[in-house]
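One structure is given below, encoded as structure tokens.
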Amino acid sequence: MMKKYIFSLLAVVAITLHSTAQSKITETSLEVDGLCGMCKERIENAAYLQGVKKVNWDKETHQLDLVFRNDKVSKEDIIASINAAGHDVKSAIASDEQYANIHGCCRYRDEGLRANHGLGDARCTEEKK
Ligand SMILES: [Cu+2]
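So the sequence shown is numbered by this note's numbering: it starts at 5 and just counts up by one.
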């Protein structure tokens with residue numbers, strides 16, 4: 005009787021721990037502006053903070069896929085780090101000082117460079133006005 009009770013108690017604890025562990029994982033994506041493979045490396049390095057499990061930025065779609073531990077790092081932390089690296093996020097534009105630090109060939113706000121990469125207007129800078 006007692007043994008059975010302890011067993012079911014353990015089962016409840018195990019299930020609770022399991023669901024708590026799962027809810028700590030956030031899967032989301034951000035729109036981050038950039039041009040080339042160098043940008044990809046810079047964006048992914050900036051996003052890869054402690055607690056981040058997976059990063060992948062797509063040069064064509066500008067989509068950054070993220071998987072992170074929400075008890076260790078927040079989406080806001082990641083956005084701030086990407087901005088600090090000089091890249092615009094749709095919801096948060098990098099400052100001119102931050103943007104000025106990126107490499108000359110990565111100037112994604114430059115219309116001429118965007119055209120060379122087959123990209124249209126800067127998507128994220130629109131919201132700056
Ligand atoms: Cu680049």
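We put the beta carbon where it would ideally sit given N, CA and C, even for glycine.
Residue i versus residue j: straight-line alpha-carbon distance, rounded
{"i": "E35", "j": "Q67", "result": "5 angstroms"}
{"i": "S33", "j": "A96", "result": "14 angstroms"}
{"i": "C110", "j": "R118", "result": "9 angstroms"}
{"i": "G124", "j": "D37", "result": "11 angstroms"}
{"i": "K58", "j": "Y9", "result": "41 angstroms"}
{"i": "R46", "j": "A18", "result": "40 angstroms"}
Per DSSP, the bridge partner or partners of residue i
{"i": "A96", "result": "V93"}
{"i": "G34", "result": "The question names Gly, yet the displayed sequence has Leu at residue 34. For L34, which the question treats as bridged, DSSP gives the partners L68."}
{"i": "R73", "result": "I29"}
{"i": "V59", "result": "L70"}
Proximity test, residue i beta-carbon vs ligand 1 heavy atom, cut-off 8 angstroms
{"i": "G38", "result": "yes"}
{"i": "I106", "result": "yes"}
{"i": "R118", "result": "no"}
{"i": "G41", "result": "yes"}
{"i": "R113", "result": "no"}
9 angstroms Cβ cutoff met for residue i and residue j
{"i": "A50", "j": "A88", "result": "yes"}
{"i": "N74", "j": "T20", "result": "no"}
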